[in-house]
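Inspection log for the structure reproduced underneath, given as structure tokens.
Protein chains: 2
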Amino acid sequence: MVTLEDVAKQAGVSLATASRVLNGSTRQVGADLRARVERAADELGYRANIAAQTLARGASNVIGIVVHDLTDPYFAALADGAMRAAAGEGLLVMVGTTHRDPEQEIAYVATLNAQRVRAVLLVGSRVADSEVTERLRAELDRYRASGGRAACVGQDLLGVDTVAPANHEGAAALARSLAGLGHTRFAVLAGPPRLMTARDRCAGFVSALAELGLPEPRVIEGRFDRDGGYQAAQETGDATCVFAVNDVMAVGALAAYRERGIRVPDDVSVAGFDDIATLRDQVPALTTVRLPLQDMGARALELALAAEEEPTVEQVPGEVVLRESVRALR
Amino acid sequence: MVTLEDVAKQAGVSLATASRVLNGSTRQVGADLRARVERAADELGYRANIAAQTLARGASNVIGIVVHDLTDPYFAALADGAMRAAAGEGLLVMVGTTHRDPEQEIAYVATLNAQRVRAVLLVGSRVADSEVTERLRAELDRYRASGGRAACVGQDLLGVDTVAPANHEGAAALARSLAGLGHTRFAVLAGPPRLMTARDRCAGFVSALAELGLPEPRVIEGRFDRDGGYQAAQETGDATCVFAVNDVMAVGALAAYRERGIRVPDDVSVAGFDDIATLRDQVPALTTVRLPLQDMGARALELALAAEEEPTVEQVPGEVVLRESVRALR
DNA sequence: GCACACTGGGAAACCGCTTTCCGGGAGGTC
DNA sequence: GACCTCCCGGAAAGCGGTTTCCCAGTGTGC
Chain X
1 MVTLEDVAKQ AGVSLATASR VLNGSTRQVG ADLRARVERA ADELGYRANI AAQTLARGAS
61 NVIGIVVHDL TDPYFAALAD GAMRAAAGEG LLVMVGTTHR DPEQEIAYVA TLNAQRVRAV
121 LLVGSRVADS EVTERLRAEL DRYRASGGRA ACVGQDLLGV DTVAPANHEG AAALARSLAG
181 LGHTRFAVLA GPPRLMTARD RCAGFVSALA ELGLPEPRVI EGRFDRDGGY QAAQETGDAT
241 CVFAVNDVMA VGALAAYRER GIRVPDDVSV AGFDDIATLR DQVPALTTVR LPLQDMGARA
301 LELALAAEEE PTVEQVPGEV VLRESVRALR
Chain A
1 MVTLEDVAKQ AGVSLATASR VLNGSTRQVG ADLRARVERA ADELGYRANI AAQTLARGAS
61 NVIGIVVHDL TDPYFAALAD GAMRAAAGEG LLVMVGTTHR DPEQEIAYVA TLNAQRVRAV
121 LLVGSRVADS EVTERLRAEL DRYRASGGRA ACVGQDLLGV DTVAPANHEG AAALARSLAG
181 LGHTRFAVLA GPPRLMTARD RCAGFVSALA ELGLPEPRVI EGRFDRDGGY QAAQETGDAT
241 CVFAVNDVMA VGALAAYRER GIRVPDDVSV AGFDDIATLR DQVPALTTVR LPLQDMGARA
301 LELALAAEEE PTVEQVPGEV VLRESVRALR
């Protein structure tokens, strides 16, 4: 393993000079020495030891991103956005996946704190469990107390900068659009009530219907993934319009209906939430609420790095996109 | 920022003892001192500085994964597999995305080397550019020379442990299956010839057809993504069966046909490659070659960590999965 | 011609932790 | 009771960089 000292020795200069040449400094180094050092480094194949640099500088150039599940395109898009932004800042990215285990999330914050990462991004829904949230928050506070920055994509429950998708409002807007098509009997594939995102979307949808004076929809809980949508779709009864709280679930629902010979949108209309790019070619094309996922990820990183005194909370509106999976009732 | 020294002082013990208690050691520490240290650490909210640990230990517990594009479910699945395996080993993961720029790939290897990560996983197709490959290989050699381990998912071109999907054979098997259905006029949505993966799949398909004595397929180059498939599908002429070299392209092709009123599989059969989970609910269901992506990612990590003397190359067979997007010609 | 920046080089302290080495005390053996 | 081990605590030497501080040499301005 080649060290800076080896390089300095080979170039016949001091450690200080070698460091200034190779790893950046405000100080100038004469052209000849500079060349000697660079040549020596090249010949020896020197690579700075970042651990040592981090230790000496007291700051790393790494950020951490914690997501629930990378294979879920929702998180992949958010992570990608954040990673592009990070790359633009010359930062490296450490990614942790919790597989939806809140304990893992807490553990990651602790680990990333230990890594002294510059910033931590918590991407994904909070859960409705104040005990867990409190512990996460404590861990986060500890991290921030020692100079770390944090931001979150999801619900503003952690006292950090937050990019908050307008789940409630987006679902409400969707409900109004669907009601505008003449639907009155709705069902909601609500996902797990534990997940704030699922809960908010469901609540937004339900409350908008109530405001319109429409009957309460049937709310079917289940998992937050494709299979959750598939299963919940078995129980939508005589609803003419079904809202799945995310696109992946909606796709599961479409599959379920297809298998049972129920036509979408002729027999039942289906809508999702998120507008996942990978699912844009579904047949029938999915009505949904579009969220600018990549931008949200990037924005979260910006917020974290900007580090205002007071945590910023940014609402991100969703845009209702009507596609072929819904039809108007005359 | 609370350091180990603070903890030691507060507990009234030496640095050595505090270290042994908190950060693991072969040495025993007496129960009372151990308790004192733990209490002090807890009170102060101590988090070990990993940069310092890495420096002192001379080894980090981080691995690096370099992928082309996280939003492509193919890479997401591979990365997820590798990350699960890493988590099982207690390793943290640093993810870099190249967005298909080979220079970025080289740069990441250099950076990860600087980070002294335990292992580097290069996930994704090599490119048919020996100059670039050579430079990447040189960077990798430099990394390995200083004790790093590396593995690759893709083509065995780097002299490191490799998990190599049987692209050629898989595509050939698919070709035979499709020919068995009676098809004779084929087209291949071949992707970019630069990409070895695209090239191998295309070549495997073409050569299998040749062995069967069937006419040469029309080969249409293009991008490796959904839009590439969409565009290439415009030029498939009178082919009765179209092979897209990956599922995402196949989905693009399905969309193109749908728009033009060409029915799949009635008018044209379509097949892809990879068996991407997110795309399993496509209509019509996509015929494809299944690759155990998550396992491959996990396996690559295993290989990298195992670190035999001679690089291992593991072929991973693909399994042809016939679904509704193809039909038999009578 | 002299005081005075100013420039660029090097010695050495320091970042926070691990680990080797040393030493003192307890316990065992004959 | 002398001698040996074993056990466990602490001092201190690194790990590989960065950066402060000091110093010699070189232009400047008057």
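Chains as they are written, first to last, in our numbering: chain X, 1 to 330; chain A, 1 to 330.
Note that the Cβ used here is the ideal one computed from N, Cα and C, for glycine as well.
The alpha helix (DSSP H) enclosing F75 of chain A, as first and last residue numbers: Residue 75 of chain A sits at position 75 when you count from the first residue of the second sequence. First-last of the alpha helix (DSSP H) with F75 of chain A: P73 to G88.
DSSP-derived helix/strand/coil call for A271 of chain A: By 1-based counting over the second sequence, the position of residue 271 of chain A is 271. In the structure shown, A271 of chain A sits in a strand (DSSP, three-state: E or B).
Cβ-based neighbour list, R137 of chain X, same chain, cut-off 6 Å, excluding 5 preceding and 5 following: Your numbering for residue 137 of chain X matches position 137 in the first sequence. Contacts found: L158.
Pairwise C-alpha distance: G88 of chain A and S25 of chain A: Locating residue 25 of chain A in the second sequence gives position 25, where the first residue counts as 1. Locating residue 88 of chain A in the second sequence gives position 88, where the first residue counts as 1. So the two alpha carbons sit approximately 21 Å from each other.
Cβ-based neighbour list, A110 of chain A, same chain, cut-off 6 Å, excluding 5 preceding and 5 following: For the purposes of this step, residue 110 of chain A is taken as residue 110 along the second sequence, with counting starting at 1. E139.
R194 of chain X (DSSP reduced to helix, strand or coil): For this step, residue 194 of chain X is matched to residue 194 along the first sequence. Correct three-state label for R194 of chain X: coil.
CB contact flag (T287 of chain X, L322 of chain X, <7 Å): As a position in the first sequence, residue 287 of chain X is number 287, starting the count at 1. As a position in the first sequence, residue 322 of chain X is number 322, starting the count at 1. Yes, Cβ-Cβ distance for T287 of chain X and L322 of chain X is below 7 Å.
Endpoints, the beta strand (DSSP E) within which G393 of chain X is located: Outside the modelled stretch of chain X, which goes from 1 to 330, sits residue 393 of chain X, for which no answer is possible.
C-beta contact flag for L174 of chain X and V248 of chain X at 7 Å: Counting from 1 along the first sequence, the entry for residue 174 of chain X is found at position 174. Counting from 1 along the first sequence, the entry for residue 248 of chain X is found at position 248. For L174 of chain X and V248 of chain X, no; Cβs fall outside 7 Å.
Buried versus exposed call for D129 of chain A [16 or more other C-beta atoms within 10 Å across all chains shown]: Position 129 of the second sequence, counted from the first residue, corresponds to residue 129 of chain A. Under this definition D129 of chain A is an exposed residue.
Under 7 Å (Cβ pairs) to chain A, residues found in the segment 57 to 83 of chain X: S60, L70, T71, P73, A76, A77, A79, D80 and M83
Inter-residue CB distance, D161 of chain A and L303 of chain A (contact presumed, cutoff 8 Å): Residue 161 of chain A sits at position 161 when you count from the first residue of the second sequence. Residue 303 of chain A sits at position 303 when you count from the first residue of the second sequence. With a Cβ gap of about 4 Å, D161 of chain A and L303 of chain A count as contacting.
Burial state of M1 of chain A (16 or more Cβ within 10 Å): Position 1 of the second sequence holds residue 1 of chain A. Exposed.
Segment limits, alpha helix (DSSP H) that includes G332 of chain X: The shown model of chain X, from 1 to 330, leaves out residue 332 of chain X, and the question about it has no answer.
Rounded straight-line distance, which links the Cα of D69 of chain A to that of D80 of chain X: Taking the first sequence and counting its residues from 1, one reaches residue 80 of chain X at position 80. Taking the second sequence and counting its residues from 1, one reaches residue 69 of chain A at position 69. If you take the alpha carbons of D80 of chain X and D69 of chain A, they lie about 8 Å apart.
Of the residues X:A85, X:Y143, X:L122 and X:Q10, the one placed nearest P102 of chain X, counting alpha carbons only: Here residue 102 of chain X is taken as the residue at index 102 of the first sequence, counted from 1. Residue X:L122 is the option with its Cα nearest to P102 of chain X.
N-terminal and C-terminal residue of the beta strand (DSSP E) that R47 of chain A is part of: For this step, residue 47 of chain A is matched to residue 47 along the second sequence. That residue, R47 of chain A, is in no beta strand (DSSP E); it is neither H nor E in DSSP.
A85 of chain A versus L92 of chain A - alpha carbon distance: By one-based count along the second sequence, residue 85 of chain A stands at place 85. By one-based count along the second sequence, residue 92 of chain A stands at place 92. Their backbone Cα atoms lie some 10 Å apart in a straight line.
Cβ-based contacts, 9 Å cut-off: residues of the segment 267 to 282 of chain A near chain X: I276, A277, T278, L279, R280, D281 and Q282
Neighbour list for N113 of chain X in chain A, Cβ cutoff strictly below 7 Å: Taking the first residue of the first sequence as 1, we reach residue 113 of chain X at position 113. R47, listed in chain order.
C-beta contact flag for G204 of chain A and G318 of chain A at 7 Å: Residue 204 of chain A sits at position 204 when you count from the first residue of the second sequence. Residue 318 of chain A sits at position 318 when you count from the first residue of the second sequence. Not in contact: G204 of chain A and G318 of chain A (Cβ atoms no closer than 7 Å).
Contact set for L212 of chain X: own chain, Cβ-Cβ below 8 Å, skip 5 residues either direction: Mapped onto the first sequence, residue 212 of chain X falls at position 212. Closer than 8 Å at Cβ, skipping near neighbours: A175, R176 and A179.
Same chain, Cβ closer than 6 Å to P165 of chain X, five either side skipped, listed in chain order: What you label residue 165 of chain X is simply residue 165 of the first sequence in a count that begins at 1. Hits under 6 Å: L291 and V316.
In DSSP terms, what T162 of chain A is bridged to: Looking up residue 162 of chain A in the second sequence gives position 162. Answer is A:C152 and A:V313, bridged to T162 of chain A.
Counted within 10 angstroms of its Cβ, other Cβ atoms place A150 of chain A as buried (16 or more) or exposed: By 1-based counting over the second sequence, the position of residue 150 of chain A is 150. Label assigned to A150 of chain A: buried.
Between the CA atoms of T3 of chain X and V336 of chain X - distance to the nearest angstrom: In the structure displayed, chain X extends from 1 to 330; residue 336 of chain X sits before or after that span and is not available.
Distance CB(A208 of chain X)-CB(A172 of chain X) smaller than 7 Å: Position 208 of the first sequence holds residue 208 of chain X. Position 172 of the first sequence holds residue 172 of chain X. A contact, by the Cβ cut-off of 7 Å.
Local conformation of A187 of chain A per DSSP, three classes: For the purposes of this step, residue 187 of chain A is identified with residue 187 of the second sequence, where counting begins at 1. It is a strand residue.
Residue range of the unbroken beta strand (DSSP E) whose run includes G64 of chain A: Residue 64 of chain A sits at position 64 when you count from the first residue of the second sequence. That run of the beta strand (DSSP E) goes V62 to V67.
Distance, V7 of chain X Cα to A31 of chain X Cα: Residue mapping note: residue 31 of chain X aligns to position 31 of the first sequence, counting from 1. Residue mapping note: residue 7 of chain X aligns to position 7 of the first sequence, counting from 1. Roughly 17 Å separates the two Cα atoms.
Opening and closing residue of the alpha helix (DSSP H) in which I106 of chain A lies: The residue given as residue 106 of chain A occupies position 106 in the second sequence. Residues P102 to A114.
Near-chain A residues of the segment 27 to 52 of chain X (beta-carbon distance less than 8 Å), N- to C-terminal order: G45, R47, A48, N49, I50, A51 and A52
The segment 246 to 264 of chain X: positions lying closer than 9 Å to chain A by Cβ: V248, V251, G252, L254, A255 and R258
Contact list for G340 of chain X against chain A, beta-carbon separation under 8 Å: The structure shown does not extend to residue 340 of chain X, since chain X spans only 1 to 330, so no value can be given for it.
Start-to-end residues for the beta strand (DSSP E) that takes in V120 of chain X: In the first sequence, residue 120 of chain X corresponds to position 120, counting from 1. From DSSP, the beta strand (DSSP E) with V120 of chain X extends over A119 to V123.
Within 7 Å, strictly: CB atoms of V270 of chain A and S325 of chain A: Taking the second sequence and counting its residues from 1, one reaches residue 270 of chain A at position 270. Taking the second sequence and counting its residues from 1, one reaches residue 325 of chain A at position 325. Yes.
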